[in-house]
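Data first, discussion second: the structure below is written as structure tokens.
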């Protein structure tokens, strides 16, 4: 059932964590299933799947329902609605036609079939033009091309996975096997290998991910650009993120800068900081004002508060040698007594203590990645003072962006 090209619309994947997904399995890619869901075509790793629940397809269910339904207009119409909800276009139309055979004036069925009422008569709307043979041939060629593309992507994924397992996984970049594997990866020049390169190498160590960036940088296609943008934002290694940003800088693609500027608005702090670092590497002048706006922020955080308690002064006031003149009766004798220590603390050491506890406070957060990006882009350094950055930038922006010699070009500051 899971062979390439087999359709089983209606099967349910039980994903780890309790999620259930209704799918149509399109291809078996080894460690992955390529499936169609209501959200589109995606790849799902087999180790994510706890159980596959096989269910009959909608066409099988339709045959059972049709056999059990009475031959009445209402029953056929209900079955037509059921078919429409499940995308059974041909069966939906056949059931509506069956309704009209039994009850020609069924209003809902007429309207769904494209009829309009005029002067008390039902008139069918002008049907759309039937596709020509050339159009049908073109659609067939498109389907064949899609199937071929899926097949080639699957083949490349299997090959890259074999290289990764045999020569790259768990090895240092300097090892002989890794260098051989690197040569094999960099020899790949087919754009249809990009999905496999991204999917397989992204699961490896830092050396593998650096190789992934080097390989993706050799492809000009949008799919490569898309993966490089995601790497700059999400990869855990700063070296990998920087290398991806350098590869993107060469492309001079305004869409990349726009996406990274948009990431500066992210609620995820690490995404914001990584986007700023990438914009700095790319020397993206258009992002200066966006960066200034996120130089710092205020947030509520749980903070450790420590306050000194000067216990030595308290002890000197109450525990003094002069108190030794006081005497108390103890049984048959009078004794002298003076306080020895502060018993409620039961400390055996210093009389100078610190009272520490956590509390929620509003704190200022200064983003050094944003500051470094601004320095890299502008060559200036105004620290975390947003006003100074904006004053300089607005003075600098007009002349330079209009091709006019500005103060910085003349080596003069107004």
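Residue numbers (the numbering used here): 156 to 569.
Ideal placement from N, C-alpha and C gives every residue a C-beta, glycine not left out.
As the structure is a computational prediction, the values presented were derived from the model and not from experiment.
Is the distance from the Cβ of residue i to the Cβ of residue j below 7 Å?
i, j, result
"residue 459", "residue 521", "no"
"residue 216", "residue 224", "no"
"residue 388", "residue 418", "yes"
"residue 382", "residue 371", "yes"
"residue 532", "residue 438", "yes"
"residue 414", "residue 385", "no"
"residue 274", "residue 209", "no"
"residue 548", "residue 443", "yes"
"residue 411", "residue 403", "yes"
"residue 358", "residue 455", "no"
To the nearest angstrom, how far is the alpha carbon of residue i from that of residue j?
i, j, result
"residue 286", "residue 296", "15 Å"
"residue 363", "residue 431", "24 Å"
"residue 264", "residue 277", "11 Å"
"residue 340", "residue 324", "13 Å"
"residue 292", "residue 333", "47 Å"
"residue 211", "residue 218", "11 Å"
"residue 258", "residue 267", "14 Å"
"residue 379", "residue 343", "13 Å"
"residue 376", "residue 441", "24 Å"
"residue 457", "residue 515", "4 Å"
"residue 424", "residue 452", "11 Å"
"residue 239", "residue 247", "6 Å"
"residue 478", "residue 489", "At residue 478, the pLDDT of 46 sits below 50, so the modelled position is not reliable and the matter cannot be decided from this model."
"residue 540", "residue 550", "16 Å"
"residue 244", "residue 300", "24 Å"
"residue 367", "residue 280", "56 Å"
"residue 427", "residue 523", "12 Å"
"residue 226", "residue 269", "23 Å"
"residue 319", "residue 178", "29 Å"
"residue 537", "residue 543", "6 Å"
"residue 545", "residue 511", "40 Å"
"residue 360", "residue 207", "31 Å"
Within a Cβ cutoff of 8 Å, which residues of the same chain sit near residue i, ignoring the five residues on either side of it in sequence?
i, result
"residue 316", "185, 186, 351, 355"
"residue 261", "228, 232, 254, 255"
"residue 407", "none"
"residue 304", "347"
"residue 202", "186"
"residue 220", "234, 237"
Could you name the residues of the same chain whose beta carbon sits closer than 7 Å to that of residue i, not counting the 5 residues immediately before and after it, in chain order?
i, result
"residue 328", "362"
"residue 374", "346, 349"
"residue 435", "527, 528, 531, 532"
"residue 309", "182, 184"
"residue 519", "451, 453"
"residue 307", "347"
Would you list the one or two residues that DSSP bridges to residue i?
i, result
"residue 198", "189"
"residue 301", "Residue 301 is not bridged to any residue."
"residue 258", "Answer is none; residue 258 lacks a bridge partner."
"residue 234", "Bridge partners of residue 234: none, in fact."
"residue 442", "None; residue 442 has no bridge partner."
"residue 217", "Answer by DSSP bridge pairing: none, since residue 217 is not bridged."
"residue 268", "For residue 268, which the question treats as bridged, DSSP gives no partner whatsoever."
"residue 273", "276"
"residue 183", "188"
"residue 453", "519"
With H, G and I counted as helix, E and B as strand and the rest as coil, what does DSSP make of residue i?
i, result
"residue 130", "This structure does not reach residue 130, given that the chain is present from 156 up to 569, and the question cannot be answered."
"residue 380", "helix"
"residue 247", "helix"
"residue 429", "helix"
"residue 543", "helix"
"residue 408", "coil"
"residue 174", "coil"
"residue 279", "strand"
"residue 423", "coil"
"residue 167", "strand"
"residue 511", "strand"
"residue 358", "coil"
"residue 227", "coil"
Can you give me the Cβ contacts of residue i inside the same chain, cut-off strictly under 6 Å, excluding the 5 residues immediately before and after it?
i, result
"residue 525", "431, 446, 449, 450"
"residue 335", "322"
"residue 570", "Not covered by the structure: residue 570. The range shown for the chain is 156 to 569."
"residue 393", "none"
"residue 189", "181, 182, 198"
"residue 559", "Any answer about residue 559 is weak, because its pLDDT of 34 lies below 50 and its placement is not dependable; what the coordinates show is given next. Counting only Cβ-Cβ distances below 6 Å, and skipping sequence neighbours, we find nothing."
Let me see if you follow: with CB-CB separation under 7 Å, is residue i close to chain C or not?
i, result
"residue 539", "Within the model displayed, chain C is absent; a lone protein chain is all it includes."
Any heavy atom of the ligand MN within a distance shorter than 6 Å of the CB on residue i?
i, result
"residue 288", "Looking at this structure, you won't find the ligand MN or any other ligand, since it has none at all."
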